[in-house]
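Structure record follows, encoded as structure tokens.
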Amino acid sequence: MLSINFLFSGDLIATINDIARLAGVSKSTVSRVLNGDSTLAVSQNTRKNIFEAAEQLSYDKYKTKHKTNGTIAVVLSYKESEELDDAYFMSVRIAIDNRLTDSNYRFKHFFQGDYESKNLESQSYIGIIAVGFFGKKTIQALKNLQKPIVFVSTDTLLDNLDCVVTDFTSSVARTTNHLLDKGISEIGILVAKRSHHHLITYENDPQRFLVKSFLECEEVFNPDYFFFAEEYTAKSGYQAMREIIHTLGSKLPKAFLIGSDAIAIGAMRALSEQKIAVPEQVSIIGFNDITSAKYVNPSLSTVHISRYGMAKAAFDLLNEQFQKRDMVPRKVTIGTSLIIRDSSV
């Protein structure tokens, strides 16, 4: 497991100017898109170009090689049209694409619907990396293809399949301890009820149970501060925080732990509209550290999940299957870091 450390934001690898130049749009458009401004009328293609430019610029280097080792099927648990709702899995996909490219492999994406319509069975590929949250039926269907396969974000160890997952427990504990150490015990929780591109609901979201259990253990959990957004999107975060502000008024908690950066970005916009200062009145900490988190205003404190680490672990597991290792299936757990930026104490 990777170690868990506090990180503090420093010089940005890429600037708004760099993103605008690469995406072919204005700096103002980049800023408004990354800040989750739903009033901006831009196409889905423009939004996608901006997010992909921001993600790509956060790599130290990206080399295009002559790819000769074969083609890997990268199977995504969501539809392509849904990828921008929560850019975390897009960033994981790009990290995996880059890892495969640097290792001389081609890749082909199969979004939800592509593999379900059996397009995957008719394709020529030598292995599968499946990214996102998959149900048992899909896991079994992919397993039945009898190709080397690794799952990223879904725990498939009980299915006798290799997987790479995130250490939620330590990250939530470290984040909550950070707030308690700063003298903040009034902590709100905001997670999503569902996500249309994950098979996750509020009943089985690991973040929900881990946060609730830890706060109860610390005797600071307040059920009045436990809230849900509809989905893991900035729009849902904005709507949820507006309702929270309306319900609680001046009795808002001093901090919120939020289940994804997309929700957190929308929530901060709602707080800003109501003239509630972040972090002076309310601290905000998100989860995932999507690339746009450092470009929003104020920059978002968040739990960083290493997409590079996940991509490397997935590739290494797949490569060992190519080498026909005689080992039992393995689960690799990737640790996290708490990045303190301007949105929290």
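Residues 6 to 350, numbered by this note's numbering, are exactly what the sequence shown covers, in order. For glycine and all other residues, C-beta sits at the position ideal for the given N, C-alpha and C.
Taking a contact as a CB-CB distance under 8 Å, the pair Ile295 and Ala318 does not count as one, their CB atoms being some 20 Å apart. Note on Pro228: under 16 other CB atoms within 10 angstroms of its CB, so exposed under the neighbour-count rule. Excluding five sequence positions before and after Ser304, the CB atoms of its chain that fall closer than 8 Å to its own CB belong to Ser14, Ala298, Arg346, Asp347 and Ser348, given in chain order. Taking a contact as a CB-CB distance under 8 Å, the pair Gly75 and Ala239 does not count as one, their CB atoms being some 38 Å apart. The DSSP-derived three-state label of Val30 is coil.
Apart from sequence neighbours up to five positions away, the residues of its chain that approach Lys336 with a beta-carbon distance below 7 Å are Asp160, Leu162, Cys168 and Val170, ordered along the chain. Considering only Ser96, Ile131 and Ala46, the residue with the shortest C-alpha distance to Asn324 is Ile131. Only residues of its own chain outside the window of five on either side were considered, and among them Leu257, Ala275, Leu276, Gln279 and Ile281 have a CB closer than 8 Å to the CB of Ile250, listed in chain order. Shown here, Asn324 sits in a helix according to DSSP, grouped into three states.
Nearest to Phe156 by C-alpha distance, out of Val196, Thr174 and Ala78, is Ala78.
Residue pairing by DSSP places Gly340 in no beta bridge whatsoever.
Within the stretch 217 to 265, the alpha helix (DSSP H) runs of at least 4 residues that lie entirely inside it are, in chain order, 239 to 253. Membership of Phe156 in the beta strand (DSSP E) is indicated by the continuous run Ile154 to Val157.
Contact between Ser158 and Phe138 holds: their C-beta atoms lie close to 6 Å from each other, under 8 Å. Classified as exposed, Asp186 has fewer than 16 neighbouring CB atoms from the shown chains inside 10 Å of its CB. Classified as exposed, Ser31 has fewer than 16 neighbouring CB atoms from the shown chains inside 10 Å of its CB. By the criterion of at least three beta-carbon pairs nearer than 8 Å, the stretch 306 to 315 is not in contact with the stretch 77 to 92.
In this structure Arg330 is exposed. Its beta-carbon is surrounded by fewer than 16 other beta-carbon atoms within 10 angstroms. Ranked by Cα distance from Ala269, the options Thr34, Ile21, Leu39 and Thr20 are led by Leu39. Each of Gln286, Val283, Ala197 and Phe226 was checked against the Cα of Gln244, and the nearest Cα belongs to Ala197. The three-state reading of DSSP puts Lys113 in strand, counting E and B together. Around the CB of Ser288, 16 or more other CB atoms lie within 10 Å, so the residue is classed as buried. Ala46 has its alpha-carbon roughly 22 Å from the corresponding atom of Glu60.
The DSSP-derived three-state label of Leu39 is helix.
Beta bridge pairing from DSSP links Leu184 with no other residue. Residue pairing from DSSP places Val196 in a beta bridge opposite Phe233. Under the three-state reduction of DSSP, Gly271 is assigned to helix. Between Leu262 and Thr341 the beta-carbon gap is near 13 Å, outside 8 Å, which marks them as no contact. Arg52 and Glu285 have their C-alpha atoms some 31 Å from each other. Rounded to the nearest angstrom, the gap between the Cα atoms of Asn54 and Ala234 is 26 Å. Note on Gln145: under 16 other CB atoms within 10 angstroms of its CB, so exposed under the neighbour-count rule. Around the beta carbon of Ser306, 16 or more other beta carbons sit within 10 angstroms, so the residue counts as buried.
Gly132 has Ile77 as its beta-bridge partners, per DSSP. Judged by their CB atoms, Ala260 and Ile189 are nearer to each other than the 9 Å cut-off. Gln117 sits buried, since 16 or more C-beta atoms from the chains shown fall within 10 Å of its C-beta.
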